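Undergrad: Dumping the structure here so I can ask a few things about it.
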Amino acid sequence: MDRDEAAVEALRALIRIPTVSDWDRDKEDRAAFEALLVELRERFPRLHEACDLQRIAGDALLVRWAGRSAEQPVVLMAHVDVVPVGDESAWTHPPFAAEVADGQVWGRGALDCKGSLVATCAAVESLLEDGATPDRDVWLSFGCTEEVSGGAAKEAVRHLRERAVEPWFVIDEGGAIVEGVLPGVVAPMGVIGVAEKGTAVIELTARGDGGHASAPRKMGATARLARAILRLEKKPFPSHLPDATVEMLERVGAHARMPYAAVFGNAARLRPVLSRVLPRLGHETAAMARTTVAVTQLTGSPAANVIAATARALVNVRVMVGETVDGAIERIRRTIGDPHVEVALVSGDEPSPVSPTDDTAYALLTATLEEVFPGTVPVPYVMLAATDSRHFHRVWPRVYRFTPFRMTDAQRASIHGVDERIGVDDFLDGVSWYRRLIEQL
Ligand SMILES: [Zn+2]
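When you read off a place in the sequence shown, starting at 1, and then add 72, the result is the number in this note's numbering.
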């Protein structure tokens with residue numbers, strides 16, 4: 073088996089282990105997490121021999137590959153846990169079989185995040201096999217609770233700080249190599265997340281008289297709650313473009329068709345217009361331009377013939393970079409404009425800081441990207457989803473969210489959905505990207 077085959081087989085082996093994380097950790101299959109760490113050891117013997125490995129927070133791994141210097145190391149992140157598969161019958165190939173078909177490896181975690189986990193390890197393994205030593209320490213931080221916003225990544229940060237590690241930069245999952253996301257842009261873009269939105273869960277509670285469903289009153293708890301939800305839907309947050317988004321548009325401007333080339337190329341000047349237009353182009357571009365509000369869970373009466381005395385909605389809010397969780401709650405309260413609907417914060421995480429795009433770390437990432445993926449335009453962007461790396465970003469300034477795989481729209485939709493899969497060649501190019509990155513540190 074050559075290196076490429078071994079890397080693909082390692083990915084398949086890891087996908088077959090159902091490391092599904094759960095908000096209730098007691099419901100997790102501990103044996104699966106255990107088996108994954110054993111499998112990792114078997115597949116990457118050199119890495120396990122040459123590096124210091126520390127198991128933290130249960131099933132997370134913190135690995136140090138000593139380089140020529142311990143100063144300003146880099147941290148490469150990934151996570152071993154995956155989200156549930158949903159309706160298994162909807163999958164074209166069984167989610168934990170890791171079948172190879174149509175040039176792709178199919179299964180839960182192929183992209184999120186076992187692909188980059190294995191690609192990182194395969195890169196290190198191959199460099200060790202070649203007798204390479206990196207110029208600076210390379211740390212690997214593999215979390216086990218990313219999908220349930222657990223504490224493993226915080227624990228990793230704590231360990232690194234205890235050991236006085238001050239990373240030059242950190243890389244975690246995030247943007248990928250994508251096409252067709254922005255209108256008029258033909259070239260593939262390598263989107264590098266330089267910041268991520270904050271998240272907040274907010275509970276709306278409306279109360280009413282309740283009673284028997286045969287004699288309802290007007291504007292009971294459910295109607296009041298419904299009105300509140302509609303008001304949120306009708307009056308979205310104001311849109312504005314953060315600097316990173318402006319920079320993204322300016323950089324792709326040179327690779328776009330007219331009239332987009334002219335518009336994107338002048339994004340800074342056209343910022344007010346663009347922030348009004350982007351939300352109209354689609355739900356993804358809308359999310360790039362504003363704080364979003366999604367009502368995700370509703371509860372009311374416990375029986376079909378009982379009027380709800382209390383109706384509740386959980387609202388998932390993604391807070392724009394530059395805004396705050398408190399500010400978002402305040403605005404939601406004002407938009408609902410009903411003192412009889414209680415608005416309470418359940419949990420909140422502020423938006424991350426923004427990593428620089430004008431220094432050597434970012435330049436190294438983009439140069440490696442252009443080398444391994446010729447013709448791809450590297451651009452910074454603000455990530456819409458939350459990753460473990462936000463905990464690192466609270467402490468260290470250069471955190472970049474980039475998964476070095478080409479992903480189609482359908483593949484991106486398969487993350488947390490059905491038919492998650494990664495192209496074999498795309499995976500192997502990802503291995504090359506990590507390898508080249510480490511070689512050039
Ligand atoms: Zn992930």
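C-beta atoms are modelled at their ideal positions from N, C-alpha and C, and glycine is treated no differently. Since the model is a prediction, treat every value here as computed from it, not as a measurement.
#1: Spatial neighbours of Arg405 within its chain, please: C-beta separation below 6 Å, excluding the five flanking residues on both sides.
#2: By the DSSP assignment, the alpha helix (DSSP H) with Ser486 in it spans what residues?
#3: Tell me, please, whether the segment 503 to 513 touches the segment 448 to 460 by the rule of three or more beta-carbon pairs shorter than 8 Å.
#4: If we require 4 or more residues per run, which alpha helix (DSSP H) segments fall completely within the segment 326 to 388?
#5: Am I right that Glu319 and Phe336 are in contact with their C-beta atoms under 8 Å? What's the rounded C-beta distance?
#6: Relative to the C-alpha of Ala285, which residue among Ala381, Leu370 and Pro469 is closest?
#7: Pick out every residue whose C-beta is nearer than 7 Å to a heavy atom of ligand 1: which are they, in chain order?
#8: In whole angstroms, what is the alpha-carbon distance linking Glu275 and Lys306?
#9: Please classify Leu417: does DSSP put it in a helix, a strand, or coil?
#10: Please report how far the alpha carbon of Ala333 lies from the alpha carbon of Val345, in whole angstroms.
#11: On the three-state DSSP scale, how would you describe Glu275?
#12: Between which residues of its own chain and Gly420 is the CB-CB distance below 6 Å, once the five residues before and five after are set aside?
#13: Let me make sure I understand the geometry here. Which of Phe168, Ser161, Leu199 and Asp315 has the alpha-carbon closest to that of Pro425?
#14: Keeping to the same chain, check which residues put their C-beta closer than 6 Å to that of Val147; ignore five residues upstream and five downstream.
#15: Just confirm the distance between the C-beta atoms of Arg348 and Ser311, as a whole number of angstroms; I'd bet it's less than 8 Å.
#16: Among Pro469, Leu183 and Leu386, whose alpha-carbon lies nearest the alpha-carbon of Val496?
#17: On the DSSP bridge list, what partners appear for Met149?
#18: Count the other CB atoms, across all protein chains shown, that sit within 10 Å of the CB of Gly252; report buried if there are 16 or more and exposed otherwise.
#19: Which residues in the same chain as Gly325 place their Cβ atom closer than 6 Å to its Cβ, once the five residues preceding and following it in sequence are excluded?
#20: Pick helix, strand or coil for Pro476, following the three-state DSSP scheme.
#21: Given a threshold of 16 other Cβ atoms within 10 Å of its Cβ, counted over all protein chains shown, does Gly447 qualify as buried or as exposed?
#22: Please report the straight-line C-alpha distance between Ala162 and Val490, rounded to a whole angstrom.
#23: Quick check: the Cα distance between Val391 and Thr364, rounded to an integer number of angstroms?
#24: Taking Ser93 as the reference, give the member of Val155, Ser198 and Ala482 with the closest Cα.
#25: Do you know how far the Cα of Val266 is from the Cα of Asp202?
#26: So what does Phe241 bridge to, in DSSP terms?
#27: Could you give the C-beta distance for Leu200 and Ala122, rounded to a whole number, given that I count them as a contact under 8 Å?
#28: Of the residues Pro351, Arg136, Leu437 and Pro90, which one's Cα is nearest the Cα of Gly179?
#29: With a CB to CB cut of under 6 Å and the five nearest residues on each side skipped, what residues in its chain are close to Val418?
#30: Is the beta carbon of Cys193 less than 8 Å from the beta carbon of His151?
TA: The short version:
#1: The residue you call residue 405 lines up with position 333 of the sequence shown. So the list reads Val415, once near-sequence residues are dropped.
#2: Taking the first residue of the sequence shown as 1, we reach residue 486 at position 414. Taken as a continuous stretch (DSSP letters only), the alpha helix (DSSP H) holding Ser486 covers Asp481 to Ser486.
#3: They do not touch, by the three-pair rule.
#4: If one requires a minimum length of 4 residues, the alpha helix (DSSP H) runs lying completely within the segment 326 to 388 are 332 to 337, 343 to 353 and 355 to 361, in chain order.
#5: For this step, residue 319 is matched to residue 247 along the sequence shown. For this step, residue 336 is matched to residue 264 along the sequence shown. With a Cβ gap of about 11 Å, Glu319 and Phe336 do not count as contacting.
#6: As a working note, residue 285 is residue 213 in the sequence shown. Closest option to Ala285, Cα to Cα, is Ala381.
#7: Going by the Cβ distance cut-off, the answer is His151, Asp184, Cys185, Glu218, Glu219, Glu245 and Thr459.
#8: As a first step, residue 275 must be located in the sequence shown, where it is residue number 203. As a first step, residue 306 must be located in the sequence shown, where it is residue number 234. Each residue's alpha carbon lies about 19 Å from the other.
#9: On the sequence shown, position 345 is the one that residue 417 refers to. Note: Leu417 maps to strand in three-state DSSP.
#10: Here the question's residue 333 lines up with position 261 in the sequence shown. Here the question's residue 345 lines up with position 273 in the sequence shown. C-alpha separation (whole angstroms): 15 Å.
#11: Reading the sequence shown from its first residue, position 203 is the one you call residue 275. Look at Glu275 here: in three-state DSSP terms it is strand.
#12: As a first step, residue 420 is located in the sequence shown; it is residue number 348 there, counting from the start. Excluding residues within five positions, the ones whose Cβ falls inside 6 Å are Ala272 and Val397.
#13: Within the sequence shown, the letter at position 353 stands for residue 425. In terms of Cα proximity to Pro425, the closest of Phe168, Ser161, Leu199 and Asp315 is Asp315.
#14: For the purposes of this step, residue 147 is taken as residue 75 along the sequence shown, with counting starting at 1. When the five nearest sequence neighbours on each side are left out, the beta carbons in the same chain lying within less than 6 Å of the beta carbon of Val147 are those of Trp211, Ser213, Pro239 and Val242, in order along the chain.
#15: Locating residue 348 in the sequence shown gives position 276, counting from the first residue. Locating residue 311 in the sequence shown gives position 239, counting from the first residue. Indeed they touch by this definition, with Cβ atoms about 7 Å apart.
#16: The residue labelled residue 496 in the question sits at position 424 within the sequence shown. Of the listed residues, the one whose Cα sits closest to Val496 is Leu183.
#17: Position 77 of the sequence shown holds residue 149. DSSP lists Ser213 as partners of Met149.
#18: Here residue 252 refers to the residue found at position 180 when the sequence shown is read from its first residue. Classification for Gly252: exposed.
#19: On the sequence shown, residue 325 is found 253 positions in, with the first residue counted as 1. The answer, listed in chain order, is Ala333, Phe336 and Gly337.
#20: Translated into the one-based positions of the sequence shown, residue 476 becomes position 404. In the structure shown, Pro476 sits in a strand (DSSP, three-state: E or B).
#21: Against the sequence shown, residue 447 aligns to sequence position 375. Per the 10 Å Cβ criterion, exposed.
#22: Position 90 of the sequence shown holds residue 162. Position 418 of the sequence shown holds residue 490. The straight-line gap from Cα to Cα measures roughly 7 Å.
#23: Numbered from 1 along the sequence shown, position 319 holds the residue referred to as residue 391. Numbered from 1 along the sequence shown, position 292 holds the residue referred to as residue 364. When only Cα atoms are considered, Val391 and Thr364 end up about 7 Å apart.
#24: If you number the sequence shown from 1, residue 93 lands on position 21. Closest option to Ser93, Cα to Cα, is Val155.
#25: The residue given as residue 202 occupies position 130 in the sequence shown. The residue given as residue 266 occupies position 194 in the sequence shown. Cα-Cα distance, rounded: 33 Å.
#26: Numbered from its first residue, the sequence shown carries residue 241 at position 169. Residue pairing by DSSP puts Phe241 in a beta bridge opposite Val146.
#27: If you number the sequence shown from 1, residue 200 lands on position 128. If you number the sequence shown from 1, residue 122 lands on position 50. 5 Å between Cβ atoms; contact.
#28: Along the sequence shown, read from residue 1 onward, the residue named residue 179 stands at position 107. Of Pro351, Arg136, Leu437 and Pro90, the smallest CA-CA separation from Gly179 is found for Pro90.
#29: Along the sequence shown, one-based indexing puts residue 418 at 346. Counting only Cβ-Cβ distances below 6 Å, and skipping sequence neighbours, we find Val273 and Glu275.
#30: Working through the sequence shown from its first residue, we reach residue 193 at position 121. Working through the sequence shown from its first residue, we reach residue 151 at position 79. Against a cut-off of 8 Å, the Cβ pair of His151 and Cys193 comes out as no contact.
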